[in-house]
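For reference, the structure is listed below as structure tokens.
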Amino acid sequence: MAPDLIQTTIDLPKSFPWLVNIRPDEVGVYIQRAVAVELFREEKISLGKAAEIAGFETKMDMIDELISRNIGLDSSLEEAEEDLNTLKQILHNNIVV
71 MAPDLIQTTI
81 DLPKSFPWLV
91 NIRPDEVGVY
101 IQRAVAVELF
111 REEKISLGKA
121 AEIAGFETKM
131 DMIDELISRN
141 IGLDSSLEEA
151 EEDLNTLKQI
161 LHNNIVV
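Heads up: the sequence shown runs through residues 71 to 167, numbered per my numbering.
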């Protein structure tokens, strides 16, 4: 385990995967993503941090997750500017002349 992560164990009823329509081996990822979504919804973390906690590679993956859960994207101006700068940098680095 990476030094900047914590690991915890929780007890859930055996019916939990069935209740949320997932396979038993998907419970950990499901909980991880649910926590990230809830923290983002409560405006306790940024979109980027939510994506990191959820285990997604990109913010777009997190946006897709939020959309699938009918969660709005009320990002701050600062976050929007940061995202725009990141996009500009990506586009600049991928331009072939």
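Backbone N, C-alpha and C fix where the C-beta goes; we use that ideal spot for every residue, glycine too.
Exercise for the section: Could you spell out where the alpha helix (DSSP H) holding Phe110 opens and where it closes? Expected result: Indexing the sequence shown from 1 puts residue 110 at position 40. Note, Phe110: alpha helix (DSSP H), 97-111.
Problem - Residues near Val107 in its chain [Cβ-Cβ closer than 8 Å; skip 5 each side] - result: Stepping through the sequence shown from its first residue, residue 107 is reached at position 37. These residues qualify, in order along the chain: Ala120, Ala124, Glu135, Leu136, Arg139, Ile141.
Practice task
Label Leu82 either buried or exposed according to how many other C-beta atoms from any shown protein chain fall within 10 Å of its C-beta, with 16 as the threshold for buried.
Solution key: Position 12 of the sequence shown, counting from 1, holds the residue named residue 82. Leu82 should be labelled exposed.
Handout entry: Residue range of the unbroken alpha helix (DSSP H) whose run includes Asp134
Key = By 1-based counting over the sequence shown, the position of residue 134 is 64. Taken as a continuous stretch (DSSP letters only), the alpha helix (DSSP H) holding Asp134 covers 129-138.
Handout entry: Length of the line joining the Cα atoms of Glu127 and Thr156
Key = Within the sequence shown, numbered from 1, the residue matching residue 127 stands at position 57. Within the sequence shown, numbered from 1, the residue matching residue 156 stands at position 86. Glu127 and Thr156: Cα-Cα distance of roughly 14 Å.
Exercise for the section: Could you have a look at Phe86 and say whether DSSP puts it in helix, strand or coil? Expected result: Your numbering for residue 86 matches position 16 in the sequence shown. Reduced to three states, the DSSP call for Phe86 is helix.
Handout entry: Of the residues Gln102, Glu151, Leu161, the one placed nearest Thr78, counting alpha carbons only
Key = Within the sequence shown, the letter at position 8 stands for residue 78. With distances taken between Cα atoms, Thr78 lies closest to Gln102.
Handout entry: Euclidean distance between Cα positions of Ser85 and Asp131
Key = Taking the first residue of the sequence shown as position 1, residue 85 is located at position 15. Taking the first residue of the sequence shown as position 1, residue 131 is located at position 61. One C-alpha to the other measures close to 28 Å.
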